[in-house]
Amino acid sequence: MSRIFLIGFMGCGKTTLGRKLATRLNYTFYDLDHLLEEQAGMSVAEYFSSFGETAFRLAESEVLKNTAYAENAVISTGGGLPCFFDNMDWMKAHGTTLYIKLSPKTLASRLEHGKEERPLLRHKHGDELIAFISDKLAERESYYLQAQVVADGLSLTAEKVMEILSKQKL
Ligand code: S3P
0 MSRIFLIGFM GCGKTTLGRK LATRLNYTFY DLDHLLEEQA GMSVAEYFSS
50 FGETAFRLAE SEVLKNTAYA ENAVISTGGG LPCFFDNMDW MKAHGTTLYI
100 KLSPKTLASR LEHGKEERPL LRHKHGDELI AFISDKLAER ESYYLQAQVV
150 ADGLSLTAEK VMEILSKQKL
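Just so you know, numbering that gives the first Met the number 0 puts 80 at position 81 of the sequence shown, and the rest follows in order with no gaps.
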């Protein structure tokens with residue numbers, strides 16, 4: 000059994016890379032935000048505005064723990080998920096966690112487009128966006144860094160991840 004949880008800040012490439020990695024490994028791909036949206040019948044942005052962040056954190060933790068994953072799976076998680084409840088420990092107990100690490104500047108340039116569907120980033124631009132990401136990342140990194148594997152997210156490919164994972168004594 001092999002389950003790989005991809006974690007990291009919004010915009011670090013969890014979903015894009017996760018999909019490619021799953022294809023290369025012939026594993027099943029799961030996107031937890033997407034599963035939550037399917038189950039709730041609304042987008043993450045709508046969920047936040049209807050029920051608030053606290054309810055969202057509970058719901059995403061339930062999706063994480065209650066999904067019937069295939070034996071071999073690549074799972075892309077929401078950027079805040081590892082930082083709430085015992086989610087990080089749960090993922091480590093049920094698979095391998097891989098943190099895709101990128102600087103606030105790189106994240107900001109990737110997030111300048113695609114902010115609208117992310118409720119935490121809406122209406123933030125330029126320097127304000129970079130400052131927000133720096134603060135949030137500083138808050139969250141102690142969780143992200145608990146991952147069994149930390150990978151530099153710059154030009155990270157599915158092949159590179161496979162190579163890194165094959166060298167891990169897990
Ligand atoms: C969030 C990240 C989002 C989504 C929600 C909250 C966060 O997922 O779960 O908007 O708190 O960082 P992505 O990291 O896939 O954008």
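Cβ atoms here follow ideal geometry from the backbone N, Cα and C, with glycine treated the same way. Computed from a predicted model, the values in this text were never measured in an experiment.
Residue i to residue j span [Cα, whole Å]
i, j, result
"Gln-145", "Glu-162", "20 Å"
"Asn-25", "Leu-120", "34 Å"
"His-33", "Lys-166", "31 Å"
"Ala-52", "Glu-45", "As written in the sequence, residue 52 is Glu, which differs from the Ala given in the question. Using only the alpha carbons, I get a separation of about 11 Å."
"Phe-174", "Arg-56", "Nothing can be reported for residue 174: it is not among the residues displayed for the chain, which extend from 0 to 169."
"Gly-125", "Val-149", "27 Å"
"Leu-123", "Thr-105", "Reading off the sequence shown, one finds Lys at residue 123, where the question assumed Leu. So the alpha carbons of these two residues sit roughly 15 Å apart."
"Gln-147", "Lys-13", "16 Å"
"Ser-60", "Pro-81", "9 Å"
"Gly-40", "Lys-91", "29 Å"
"Phe-84", "Lys-64", "12 Å"
"Gly-78", "Met-9", "5 Å"
"Ile-129", "Pro-103", "6 Å"
"Arg-23", "Ser-1", "14 Å"
"Ser-42", "Ser-49", "10 Å"
"Asp-134", "Ser-108", "16 Å"
Heavy atom of the ligand S3P within 7 Å of residue i beta-carbon
i, result
"Gly-40", "no"
"Pro-103", "no"
"Arg-117", "yes"
"Thr-14", "yes"
"Val-43", "yes"
"Gly-125", "no"
"Asp-151", "no"
"Gly-78", "yes"
"Asp-32", "yes"
"Met-87", "no"
"Met-9", "yes"
Cβ-based burial, residue i [other Cβ within 10 Å; buried from 16]
i, result
"Asp-30", "buried"
"Thr-156", "exposed"
"Glu-116", "exposed"
"Thr-76", "buried"
"Gly-113", "exposed"
"Ala-72", "buried"
"Ala-137", "exposed"
"Leu-35", "buried"
"Leu-110", "buried"
Residue i at chain B interface by Cβ criterion, 8 Å
i, result
"Glu-45", "Within the model displayed, chain B is absent; a lone protein chain is all it includes."
Say whether the region 3–11 touches the region 91–101, bearing in mind that this needs 3 or more beta-carbon pairs closer than 8 Å, one atom from each stretch.
yes
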